[in-house]
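J.: Dumping the structure here so I can ask a few things about it.
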Amino acid sequence: MTKNKKVIVSIILYALFSITFFILHVIGLSGRSVWESWAQLAVISGMAFSFGFASYYILTSGEIQKKLYSIGAITLVFFILLFFFMPHPGYILNDLNIYSFHAKIFTQYHQNPYIVKPLEFATDNDYHFVEMWKNQNYNYGPLWLAISSLPSLVTKNISIVLGLYKYMALLFYIGIAYFLYLLRDRDAKKMFLFAINPIVLYWGVMGAHNDLAMIFFAICSLYFLKKEKAYRAFIFLGLAILIKYIAVLLAPILFAHIYKRYKFQNLLYLVVVFFATIIVAYAPFHIGFNSILGNATLILPKLGGPLFTGVYASVHKGLEMNDTIFLQIKNIFFVLFALGYGIIIIKNWKRVSEYKNISNIFVSVLIWFYLCAYWFQAWYLIWIIPFLWMRDPLKHAIFASALIWYGLSFYFLSYVYSSAFGLVVALLLFLPIFFFFTYINKSCFFKKKSV
Numbered sequence: 065m066t067k068n069k070k071v072i073v074s075i076i077l078y079a080l081f082s083i084t085f086f087i088l089h090v091i092g093l094s095g096r097s098v099w100e101s102w103a104q105l106a107v108i109s110g111m112a113f114s115f116g117f118a119s120y121y122i123l124t125s126g127e128i129q130k131k132l133y134s135i136g137a138i139t140l141v142f143f144i145l146l147f148f149f150m151p152h153p154g155y156i157l158n159d160l161n162i163y164s165f166h167a168k169i170f171t172q173y174h175q176n177p178y179i180v181k182p183l184e185f186a187t188d189n190d191y192h193f194v195e196m197w198k199n200q201n202y203n204y205g206p207l208w209l210a211i212s213s214l215p216s217l218v219t220k221n222i223s224i225v226l227g228l229y230k231y232m233a234l235l236f237y238i239g240i241a242y243f244l245y246l247l248r249d250r251d252a253k254k255m256f257l258f259a260i261n262p263i264v265l266y267w268g269v270m271g272a273h274n275d276l277a278m279i280f281f282a283i284c285s286l287y288f289l290k291k292e293k294a295y296r297a298f299i300f301l302g303l304a305i306l307i308k309y310i311a312v313l314l315a316p317i318l319f320a321h322i323y324k325r326y327k328f329q330n331l332l333y334l335v336v337v338f339f340a341t342i343i344v345a346y347a348p349f350h351i352g353f354n355s356i357l358g359n360a361t362l363i364l365p366k367l368g369g370p371l372f373t374g375v376y377a378s379v380h381k382g383l384e385m386n387d388t389i390f391l392q393i394k395n396i397f398f399v400l401f402a403l404g405y406g407i408i409i410i411k412n413w414k415r416v417s418e419y420k421n422i423s424n425i426f427v428s429v430l431i432w433f434y435l436c437a438y439w440f441q442a443w444y445l446i447w448i449i450p451f452l453w454m455r456d457p458l459k460h461a462i463f464a465s466a467l468i469w470y471g472l473s474f475y476f477l478s479y480v481y482s483s484a485f486g487l488v489v490a491l492l493l494f495l496p497i498f499f500f501f502t503y504i505n506k507s508c509f510f511k512k513k514s515v
């Protein structure tokens, strides 16, 4: 069998498993019973492994023939439409309803969502759509508040608003794919593999999470940095942070890159531009540091990263919530993450001056964050997909498959189907993924031995 035929067969298998995944959502299998969970996991496993095979065969297939471009375009449109029209599970609808209701507080009630809570508008007609986080302030950046408010300015129909969120997510998804195409030296293979990745399609396009918006601005930042337009790069990084604060993890890496390549005076100007972008956007909503905490302290320890959750469960002898123990361990892990971040920067201090190393260093930081996080959701893996690229096609395919399996099964195992087995698997599966990544990227964590 030729490599082109292997590519086609693996893509067909991936498509069949994806269609089955779509059908499971249509008939409403939520994973709340044992057999439903096993059905979901079987399909997810098929999607992950078939995507891995497709990745390997695509990356090793040599130069793309012209006739394959049209086939690839049709395939891409098929996967986009399949996931775009996939029915929303309840846990995703709740997030979209939260976006919508906070936007309504801002646009219709003219209140500051960083101060007031949905609970204070219990008489509103749309309040019953909000199932969780009713007693929480807004915990995203002001730019996302502005973007998510646009649909509510167009219509008051909640169904149309949620549909518009999906169209906005689709636009950000297309934007990311386009800039990745430019960043990866117009490599259609790499762009295609990002675009059909089920983590991006399921949690991003179908789920319409704001992570796609954040990543779009972060990718734009790297694009302008590659073009040596540092001021634009840091403005777009500031915009990414104004969507979701976690994008700040990229800032020290870019600052280190600029410091190594340019004069200190230029770095100082960039710092001013960077913070001015953030302060100007956030100032109208600011009422003190507590206004950006959101739901940072009221979370479930079983949805943390594997290291954090494992330590919490060991200390507390279980996963029931204990505020005192949780906050103490959270502070310890915050320091632990900061130390690990510093070590990664120090180990890569010489490499950070080269633009080609920035993505890999950032991936290392994200992997460490996933391990230590006291709050983790499966769609956070969207952050890593655009930056993740390994020179060895086999290693890349294996790592991509593992992330897909973890990213799609995490919710069913640890949250919906919260048995001891599901929780242990969801927590521990990420550890071998971490060690595998560390092994194939030893230069990011350990010094090379001199010969």
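Be aware that the sequence shown starts at 65, since it is given in my numbering, and climbs by one per residue. Backbone N, C-alpha and C define an ideal beta-carbon position, used for all residues, glycine too.
State the DSSP-derived secondary structure class of K253, mapped to helix, strand or coil.
T.: If you number the sequence shown from 1, residue 253 lands on position 189. Helix at K253.
J.: Is Q104 buried or exposed, if buried means 16 or more other CB atoms sit within 10 Å of its CB?
T.: By one-based count along the sequence shown, residue 104 stands at place 40. Looking at its Cβ environment, which holds 16 or more other Cβ atoms inside 10 Å, Q104 is buried.
J.: So, are the CB atoms of L334 and I322 less than 8 Å apart?
T.: Counting from one through the sequence shown, the residue named residue 334 turns up at place 270. Counting from one through the sequence shown, the residue named residue 322 turns up at place 258. Yes. Within cutoff.
J.: Need the endpoints of the alpha helix (DSSP H) that N395 sits in, please.
T.: Locating residue 395 in the sequence shown gives position 331, where the first residue counts as 1. D387 to K411 is the extent of the alpha helix (DSSP H) around N395.
J.: DSSP three-state label for Y163, please.
T.: For the purposes of this step, residue 163 is taken as residue 99 along the sequence shown, with counting starting at 1. Correct three-state label for Y163: helix.
J.: Could you give the C-beta distance for G110 and F81, rounded to a whole number, given that I count them as a contact under 8 Å?
T.: The residue labelled residue 110 in the question sits at position 46 within the sequence shown. The residue labelled residue 81 in the question sits at position 17 within the sequence shown. 4 Å between Cβ atoms; contact.
J.: Taking W443 as the reference, which of L214, N161, L276 and Y202 has the closest Cα?
T.: Sequence index remark: in the sequence shown, residue 443 carries index 379 (1-based). Taking only the C-alpha atoms, the option nearest W443 is L276.
J.: Under three-state DSSP, which class holds V73?
T.: The count along the sequence shown starts at 1 and reaches residue 73 at position 9. Three-state result, V73: helix.
J.: My assumption, with CB atoms under 8 Å, is that Q160 sits in contact with I83. Please give the rounded CB distance.
T.: Here residue 160 corresponds to residue number 96 of the sequence shown, with the count starting at 1. Here residue 83 corresponds to residue number 19 of the sequence shown, with the count starting at 1. Before going on, a small fix: residue 160 reads as Leu here, not Gln. In fact, because the Cβ distance is near 24 Å, the residues do not count as touching under 8 Å.
J.: Within 8 Å, do at least three Cβ pairs link the segment 167-178 to the segment 268-275?
T.: The segment 268-275 vs the segment 167-178: no contact.
J.: Can at least three beta-carbon pairs, one atom from the segment 146-157 and one from the segment 256-269, be found at a separation below 8 Å?
T.: Counting Cβ pairs under 8 Å, three or more are found: they touch.
J.: Could you give the residue range of the alpha helix (DSSP H) that holds V429?
T.: Here residue 429 refers to the residue found at position 365 of the sequence shown. Per DSSP, V429 belongs to the alpha helix (DSSP H) from I422 to C436.
J.: Shortest alpha-carbon distance to S212 belongs to which of L403, I407, I342 and Y163?
T.: Translated into positions along the sequence shown, residue 212 becomes position 148. It is Y163 whose Cα lies nearest to the Cα of S212.
J.: Does DSSP classify Q441 as helix, strand or coil?
T.: For the purposes of this step, residue 441 is identified with residue 377 of the sequence shown, where counting begins at 1. Note: Q441 maps to coil in three-state DSSP.
J.: According to DSSP, is V180 helix, strand or coil?
T.: Here residue 180 corresponds to residue number 116 of the sequence shown, with the count starting at 1. Coil.
J.: On the three-state DSSP scale, how would you describe K220?
T.: Counting from one through the sequence shown, the residue named residue 220 turns up at place 156. The answer is coil: DSSP assigns K220 none of H, G, I, E or B.
J.: Within a Cβ cutoff of 6 Å, which residues of the same chain sit near F260, ignoring the five residues on either side of it in sequence?
T.: Reading the sequence shown from its first residue, position 196 is the one you call residue 260. Note that residue 260 corresponds to Ile in the displayed sequence, not to Phe. Cβ neighbours of I260 beyond the five flanking positions: F143.
J.: In three-state DSSP terms, what is K324?
T.: As a first step, residue 324 must be located in the sequence shown, where it is residue number 260. K324: helix per DSSP, three-state reduction.
J.: DSSP three-state call for W208: helix, strand or coil?
T.: The count along the sequence shown starts at 1 and reaches residue 208 at position 144. Helix, per DSSP.
J.: Going by beta carbon distance, what residues of the same chain come within less than 8 Å of L313, once the five residues before and after it are set aside?
T.: Within the sequence shown, residue 313 is the residue found at index 249, counting from 1. Contacts found: Y405, F426, V429, L430 and F433.
J.: With DSSP run on the structure shown, which of helix, strand or coil describes F102?
T.: The residue labelled residue 102 in the question sits at position 38 within the sequence shown. Reading the sequence as shown, one finds Trp at residue 102 and not Phe. Correct three-state label for W102: helix.
J.: Need the endpoints of the alpha helix (DSSP H) that D275 sits in, please.
T.: Here residue 275 corresponds to residue number 211 of the sequence shown, with the count starting at 1. It spans D275 to K290 - the alpha helix (DSSP H) in which D275 sits, taken as one unbroken run.
J.: Identify the continuous alpha helix (DSSP H) that holds V379 and give its terminal residues.
T.: Numbered from 1 along the sequence shown, position 315 holds the residue referred to as residue 379. Where V379 is concerned, the enclosing alpha helix (DSSP H) stretches over P370 to H380.
J.: From which residue to which residue does the alpha helix (DSSP H) around F451 run?
T.: For the purposes of this step, residue 451 is identified with residue 387 of the sequence shown, where counting begins at 1. Here F451 belongs to no alpha helix (DSSP H), and DSSP marks it neither H nor E.
J.: Look up S82 in the DSSP assignment and say whether it is helix, strand or coil.
T.: Here residue 82 is taken as the residue at index 18 of the sequence shown, counted from 1. Looking at S82 - three-state DSSP - the assignment turns out to be helix.
J.: Starting from L265, follow the alpha helix (DSSP H) in both directions and report where the run begins and ends.
T.: Locating residue 265 in the sequence shown gives position 201, where the first residue counts as 1. Looking at the DSSP string, L265 is not in any alpha helix (DSSP H), and its letter there is neither H nor E.
J.: Less than 8 Å between the CB atoms is what I'm expecting for F256 and G136, so what's the real figure, rounded?
T.: For the purposes of this step, residue 256 is taken as residue 192 along the sequence shown, with counting starting at 1. For the purposes of this step, residue 136 is taken as residue 72 along the sequence shown, with counting starting at 1. That belief holds up - the Cβ atoms of F256 and G136 are roughly 6 Å apart, short of 8 Å.
J.: Beta-carbon separation of L123 and K253 under 8 Å?
T.: Here residue 123 corresponds to residue number 59 of the sequence shown, with the count starting at 1. Here residue 253 corresponds to residue number 189 of the sequence shown, with the count starting at 1. Yes, Cβ-Cβ distance for L123 and K253 is below 8 Å.
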